[in-house]
Amino acid sequence: MRGLHLTADLYQCRCEPRWLTDARELGEWSRQAAEAVGLPVERELFYASEASGGATAALMLPGSHVCLHTWPDQRGVTVDVCLAHAEDDLSAKARGLMYALVQRFQPEWTEQRSLDRGDGE
1 MRGLHLTADL YQCRCEPRWL TDARELGEWS RQAAEAVGLP VERELFYASE ASGGATAALM
61 LPGSHVCLHT WPDQRGVTVD VCLAHAEDDL SAKARGLMYA LVQRFQPEWT EQRSLDRGDG
121 E
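For the sequence shown, the UniProt record's numbering begins at 1 and goes up steadily by one.
Encoded structure:
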């Protein structure tokens, strides 16, 4: 049960507005970004909120997940990259994916956190 859980809160994103509102495009791009760093996507869910106009993209990876939620009215995004690993350390892939996801939105500033999961044995 070892792994790495990265989170990022993105503020005042300067990306094109479609990245904050188009759930399908956001999800498809996120899947491509995950696959580009060598992470296989098993399932995906894309959701557009009628109430907020925001988008959600959730990718299910083997024992892991990637989730993005957007708030277009605040130009904000939250990102979770949680990768579990039994034998191979996936930390570099997790950090590479997080970097790509954050760069997509071009935030003025971010708050990022990192949590090592499990006992490390």
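Ideal Cβ placement from N, Cα and C applies to all residues, glycine included.
| Check | Outcome |
| --- | --- |
| Gly54: which of Ser30, Arg117, Leu68, Gly63 sits nearest, CA to CA? | Leu68 |
| Could you tell me the boundaries of the alpha helix (DSSP H) in which Val102 lies? | 91-105 |
| Going residue by residue through the segment 17-51, where are the continuous alpha helix (DSSP H) segments of at least 4 residues, counting only ones entirely within it? | 18-21, 23-36 |
| Could you tell me the alpha carbon to alpha carbon distance between Leu45 and Thr56, rounded to whole angstroms? | 8 Å |
| Just list the residues that DSSP pairs Asp73 with in beta bridges. | DSSP lists no partner for Asp73. |
| Taking the alpha-carbon positions, what's the Gln106 to Leu26 distance? | 14 Å |
| Secondary structure at Asp116, three-state DSSP: helix, strand or coil? | strand |
| Would you identify the three-state DSSP class for Arg14, choosing helix, strand or coil? | coil |
| Would DSSP call Gly63 helix, strand or coil? | coil |
| Beta-carbon within less than 8 Å of Thr110's beta-carbon, same chain only, minus the 5 sequence neighbours each way: which residues are those? | Ala8, Asp9, Leu10, Tyr11, Val102 |
| Starting from the C-beta of Arg104, find all residues in its chain whose C-beta is less than 8 Å away, skip the five residues before and the five after it, and write them out in chain order. | Cys15, Trp19, Trp29, Ala33 |
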